[in-house]
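Report on the following structure.
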Amino acid sequence: MSLLHIENLSVEFPTHKGYVRVLDKVSLRMKEAEVLGVVGESGSGKSMMALAVMGLLSPNARLTADYMSLNNQDLMKLSGEARRQFVAQNASIIFQEPQSSLNPCFTIGAQIRETLKLHGVRQRRKQQEQAIELLNAVGINEPETRLRQYPHQLSGGMNQRVMIAMAVAARPKLLIADEPTTALDVTIQAQIIELLLDLNRQHGMGLMLITHDFALLSESTQRVCVMYSGQIMENASTRNILESPRHPYSRALLESIPHIGERHHKGQRLYSLKGIIPAIDHLPVGCRLGPRCPRASKECVKTPRLETIENHGLVRCHFPLAKDSLAKGSEL
Amino acid sequence: MILIIVRQLIILLLSFLGITSVFFILTQFLPGDPVAVNFGNIAKGSAEYQQAYLALGLDQSLLQQYFIYLSRIFSGDFGYSVVTSRPVIDEFMTFFPATFELALFASIIAIVFGVALGVLAAIKRNTWIDNLVMSASLVGYSMPIFWWGMLLIIFFSLDLNWTPVAGRISYVFDIEPRTGLMLVDTLLAYSKYEFIAFFDALKHLILPSIVLATVPLAAIARMTRSSMIEVLSADYILTARAKGVSDWKIIWVHGLRNAMISLVTIIGLQSSVLLTGAILTETIFAWPGVGKWMVEAIYRRDFPTIQGGVILIAFFVVLINAAVDVTYNIINPRLRRRK
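Chains as they are written, first to last, in the numbering used here: chain D, 422 to 753; chain R, 21 to 359.
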């Protein structure tokens, strides 16, 4: 029994050079009420995966998967409209920019009431009551006033709370948060993550937390999926990855987190991989990290497979790092 | 809200002052005797001439002449037609409803079909439907409307005999002008045949409206398309889709509501296109409106009529644009003040 089960999900987009694969055979599973972190830099395909699960890809995208189920319902067997309705009832998504995720022409109230109406709350009075309840639940003060206001009259953090309120209105089994705090102030970030985790604990709502910030995941997730260039590079428990990342890319991401006081001393540069993420229509042969990887060797022109490492998880690398390499401070 | 209207009224007043000033300056450059220009040919030296001379303030300074001119305009005195001897404002009021009816009908056609086609093209973008709509609108936008009007007359009126060639209503009907709007007047005038007269008037209205609507329709369709494409790629559309809102509602409520904000401006700008287009359309279809009236005044060298008419048309365009500005403020919540 799993909340979300994806086997070999690929997404392709047409370009003038033919179809380009932006998501390459991604497989993952989420248990009910699990908190899964998905991490990777911009362009790694993490948002694309979220959109593919939600069925929000643009119509010209080509989606293929061996199996994809949400709440034990095989999504690949549902037709367009039925799939969308099913997903809307069972999963919600919030985006990076709360200000642009809410329709600027309608009041907060109108947008929450619309959501409630879609989930079967017909009476206007009940909609209003529930909307106020929802806003209270996500920690918005003066909910009656807020309901009459437009998104531009609220702060970014407040709008993200409204987005969360709308997302949980249907009591979804899964909430996908696609970089929910990237556009917010640091102090607000922690509050929003805390709110999401609260909802996870209170309602047993599965949470997929997509981010490029490892630091955000350390305290909140049980498992982490590291993505790079449309592929999953490492998939293991949060503790395993944080304590001893096995993929050079995971380690590079961890190394790039600035720490106050420890390890880094004044004047020392933050760690970064050389180069940039390759253009998706111009991928390197073999391992996609190859040209940027400090451990790359001849072998890496052959495409590595995602393989199980005992007592750790899944890693896609010919030369995985040794256990505890991070703690020993050995060179990459 | 009140603040917006007050602000618009002030802008309106300033625009009127601007128009009249420009006009006053222009009339200074008109060749010939100002008395003749304003009152037609009056024998020089006659008592009448002297009276007209004084009425225009020609014995006083230019500044004083300007104020005399302003006070005349703002009290509704636009002079007298040298051809019919009737006050220009009265003539304008007789011809204006016909133009208003035509322009209103044309705007409805342009907005309804323009928006619908634009939305269709945006949804089906980069398909043959989109290409067809966009090429057709480009042709429509660049078509000389006098030629287009004649083509339609040849086809629909002469070949198919579906619509009349010209005029507002057949001569068999004697309609008393009450509102000046033929569709309303026909319904008011007859007790028994009002619907026959009404449909006759409607038939007369169709072709000129289509001709007049063509250019604005094309412009609106193109603008709707680009503005819808932009709006439909916004995050809040994804949010709505994730919520399970139906495609229909996403396009026509969530999408169009936002696209309308930029569209209203374009639609407002089309109002002046509509009035200039009316001059050509009315001439082709012998439509007794302001456009035809102006063209005839030009042929007859009826300067008071031309001057008065142009100012009144300019006033009207300014008025529409003020109304558009107010609408723009109403439909864009971001421009409303915080409560």
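Cβ atoms here follow ideal geometry from the backbone N, Cα and C, with glycine treated the same way.
Rounded separation between residue i and residue j - CA only
i                : j                : result
SER718 (chain D) : GLY711 (chain D) : 8 Å
ASN562 (chain D) : GLU550 (chain D) : 15 Å
LEU83 (chain R)  : LEU74 (chain R)  : 15 Å
ASN349 (chain R) : ILE24 (chain R)  : 8 Å
SER101 (chain R) : VAL55 (chain R)  : 13 Å
TRP313 (chain R) : ALA306 (chain R) : 10 Å
THR40 (chain R)  : ILE88 (chain R)  : 12 Å
TYR213 (chain R) : VAL185 (chain R) : 22 Å
ILE698 (chain D) : CYS714 (chain D) : 11 Å
GLU428 (chain D) : MET451 (chain D) : 12 Å
LEU663 (chain D) : SER500 (chain D) : 40 Å
LYS743 (chain D) : ARG667 (chain D) : A small fix is needed here, since residue 743 (chain D) is Ala in this sequence, not Lys. Straight-line Cα distance between these residues: approximately 7 Å.
MET579 (chain D) : ILE609 (chain D) : 9 Å
ALA254 (chain R) : PRO741 (chain D) : 41 Å
ILE128 (chain R) : LEU137 (chain R) : 14 Å
ILE226 (chain R) : LEU76 (chain R)  : 44 Å
ASP345 (chain R) : LEU289 (chain R) : 11 Å
LYS269 (chain R) : ALA473 (chain D) : 22 Å
HIS633 (chain D) : ARG242 (chain R) : 40 Å
ILE730 (chain D) : VAL736 (chain D) : 7 Å
ARG358 (chain R) : ARG92 (chain R)  : Unreliable positioning characterises ARG358 (chain R) in this predicted model, as indicated by a pLDDT of 47, which lies under 50. The coordinate reading is nonetheless provided below. Each residue's Cα considered, the two are about 43 Å apart.
ARG27 (chain R)  : MET280 (chain R) : 23 Å
MET469 (chain D) : GLU554 (chain D) : 32 Å
GLY96 (chain R)  : GLY328 (chain R) : 10 Å
Contact check, residue i vs residue j, beta carbons under 8 Å
i                : j                : result
GLU600 (chain D) : GLN517 (chain D) : yes
LEU605 (chain D) : LEU617 (chain D) : no
ARG505 (chain D) : GLY476 (chain D) : yes
ALA552 (chain D) : ARG534 (chain D) : yes
ILE515 (chain D) : MET584 (chain D) : yes
ILE131 (chain R) : ILE240 (chain R) : yes
ARG245 (chain R) : ALA156 (chain R) : no
THR104 (chain R) : GLU111 (chain R) : yes
ALA512 (chain D) : ILE597 (chain D) : yes
LEU201 (chain R) : GLU316 (chain R) : no
ASN656 (chain D) : GLY734 (chain D) : yes
SER229 (chain R) : PHE133 (chain R) : no
LEU32 (chain R)  : VAL338 (chain R) : yes
PRO669 (chain D) : CYS721 (chain D) : no
LEU50 (chain R)  : VAL57 (chain R)  : yes
LEU630 (chain D) : ALA590 (chain D) : no
Extent of the continuous beta strand (DSSP E) run through residue i
i                : result
PHE434 (chain D) : 425–436
ASP599 (chain D) : 595–599
LEU444 (chain D) : 439–451
THR724 (chain D) : Element bounds for THR724 (chain D): n/a, residue is neither H nor E.
ALA512 (chain D) : 512–515
LEU735 (chain D) : 734–737
ARG709 (chain D) : Taken as a continuous stretch (DSSP letters only), ARG709 (chain D) belongs to no beta strand (DSSP E), as it is neither H nor E.
ARG188 (chain R) : Careful: ARG188 (chain R) lies outside any beta strand (DSSP E) and carries neither H nor E.
Distance between beta carbons of residue j and residue i, contact taken as under 8 Å
i                : j                : result
GLY466 (chain D) : VAL647 (chain D) : The pair is not a contact, with the Cβ atoms about 12 Å apart (cut-off 8 Å).
VAL484 (chain D) : VAL432 (chain D) : Sequence inspection shows Leu at residue 484 (chain D); the Val mentioned does not correspond to that position. The Cβ separation is near 5 Å, so the contact holds.
PHE176 (chain R) : TRP182 (chain R) : 5 Å
LEU594 (chain D) : LEU424 (chain D) : It should be pointed out that residue 594 (chain D) corresponds to Lys in this sequence rather than to Leu. Correct: roughly 6 Å between the Cβ atoms.
THR303 (chain R) : GLY311 (chain R) : 7 Å
TYR571 (chain D) : THR528 (chain D) : 6 Å
TYR161 (chain R) : ALA238 (chain R) : 4 Å
PHE115 (chain R) : PRO308 (chain R) : 6 Å
PRO519 (chain D) : GLY577 (chain D) : 5 Å
ARG354 (chain R) : HIS573 (chain D) : 5 Å
Residue span of the alpha helix (DSSP H) that contains residue i, given as start and end
i                : result
GLN652 (chain D) : Run containing GLN652 (chain D): none in the alpha helix (DSSP H); it sits in the beta strand (DSSP E), 652–658.
GLY458 (chain D) : Careful: GLY458 (chain D) lies outside any alpha helix (DSSP H), inside the beta strand (DSSP E) at 456–460.
VAL231 (chain R) : 214–252
SER291 (chain R) : 276–304
MET202 (chain R) : 202–209
Worksheet entry | Runs of beta strand (DSSP E) wholly within the stretch 623–648 of chain D (minimum 3 residues, chain order) | 627–632
Worksheet item: Which residues, taken in chain order from the stretch 254–266 of chain R, show a beta carbon closer than 8 Å to some beta carbon of chain A?
Response: Of the protein chains in this structure, namely D and R, none is chain A.
Discussion item. Which runs of the alpha helix (DSSP H) at least 4 residues long sit entirely within the stretch 116–169 of chain R? Give them in chain order.
Written reply: 148–162
Practice prompt. Starting from the N-terminal side, write out each stretch of the alpha helix (DSSP H) that is 4 residues or longer and does not extend beyond the stretch 515–594 of chain D.
Written response: Under the rule that a run must span 4 or more residues, the alpha helix (DSSP H) segments found entirely inside the stretch 515–594 of chain D read 519–522, 529–539, 545–558, 564–568 and 577–589.
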